[in-house]
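Colleague:
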Amino acid sequence: MRVLVTRPLDDAEETAVLLRARGHVPLVAPLLRVRYHDGHPLHLEGVQAILATSANGVRAFARRSSRRDFPIFAVGAQTAEAARAAGFADVRDADGNAEALAAAVRGWAKPQDGTLLHAAGAEAEGRLASALRAAGFTVRLEVLYDVPVTEELPAAAHAALQAGEIDARPAVLRPRRPSLFGLHCQSKSATGLRPPHRLLHQRSRRPAACRPEFQGDPHRRAPQPGRAARRPLLAPPYLAA
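Counting from 17, one number per residue, gives the positions in the sequence shown under this note's numbering.
1) Helix, strand or coil, according to DSSP, for residue 137 in the structure here?
2) Between residue 34 and residue 128, what straight-line distance do the alpha-carbon atoms span, to the nearest angstrom?
3) Expressed to the nearest angstrom, what Euclidean distance is found between the alpha-carbon atoms of residue 131 and residue 125?
4) Put residue 109 into one of helix, strand or coil per three-state DSSP.
5) Tell whether a beta-carbon distance below 8 Å holds between residue 68 and residue 91.
6) Only counting the same chain, and skipping five residues up and downstream in sequence, which positions put a Cβ closer than 8 Å to that of residue 138?
7) I'd like to know if the stretch 143-154 and the stretch 168-179 are in contact, where contact means that at least 3 CB-CB pairs between them fall below 8 Å.
8) On the criterion of 16 or more Cβ atoms from any shown chain inside 10 Å, does residue 99 qualify as buried, or is it exposed?
9) Indicate the three-state DSSP secondary structure (helix, strand or coil) for residue 131 in the structure shown.
10) Please go through the stretch 22-96 and give each complete alpha helix (DSSP H) segment of 4 or more residues, from N-terminal end onward.
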């Protein structure tokens, strides 16, 4: 199956490796790019641990600090793996979403032991910090990166869609956020595009019925938002025609 992968480049390449291993043909065409915020060294006095809700947050923190002695409280497997790859030894995986991480942190840390630093992106919703502050923790939000949207589909992806050569697309779905791919396909420059009918839901608590911009085959959704739960969606029979 030919699969269009529109995630930011680092994550897209990882997804492409998984797809190739299962016999699919990925076309990597990022609609987002990660822009890390360079600047002065981070103030880390009094910090007891780092809250990491994305692999990008881990990478951004690692760019701004050489310290690897902090515990990393990671939202899921992909983020935890990024922390280990960056050299952190004490990495704990909540294997879930922001709510699961908040619940796990209450068992991993104590409010009196210091500040929790959230290595976040510009679009961080603040739910994690709010939940932990309600439990008595001091949380400092440090915005270390943003993810701007590309203006146009990459040329190779545009040509493949026009020719009807794409069978499916992994969809990283987040509540309250519109489909960037859907918006691109509705733009003036997208005339003649033939979007794939199959969506491979990678991260969502929303039912497929809430995705009105695509019609076609029934969609399967991972039962948990972590990467380990997504892997089966990249192999038959979930992708069978």
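For every residue, glycine included, the Cβ atom is placed at its ideal position computed from N, Cα and C. None of the values given here were measured: they were computed from a predicted structure.
Modeller: Here's the rundown:
1) Numbered from 1 along the sequence shown, position 121 holds the residue referred to as residue 137. Strand.
2) If you number the sequence shown from 1, residue 34 lands on position 18. If you number the sequence shown from 1, residue 128 lands on position 112. One C-alpha to the other measures close to 42 Å.
3) Residue numbering aside, residue 131 sits at position 115 when the sequence shown is read from its first letter. Residue numbering aside, residue 125 sits at position 109 when the sequence shown is read from its first letter. Rounded to whole angstroms, residue 131 to residue 125 spans 10 Å at the Cα level.
4) By 1-based counting over the sequence shown, the position of residue 109 is 93. DSSP places residue 109 in strand when its eight states are reduced to three.
5) Mapped onto the sequence shown, residue 68 falls at position 52. Mapped onto the sequence shown, residue 91 falls at position 75. Yes.
6) In the sequence shown, residue 138 corresponds to position 122, counting from 1. The answer, listed in chain order, is 159, 161, 162, 163.
7) By the C-beta criterion, the stretch 143-154 is judged not to be in contact with the stretch 168-179, since fewer than 3 inter-stretch pairs fall below 8 Å.
8) Taking the sequence shown and counting its residues from 1, the one referred to as residue 99 is at position 83. Classification of residue 99: buried, given that the 10 Å Cβ count is 16 or more.
9) For this step, residue 131 is matched to residue 115 along the sequence shown. Looking at residue 131 - three-state DSSP - the assignment turns out to be strand.
10) 25-37, 71-80
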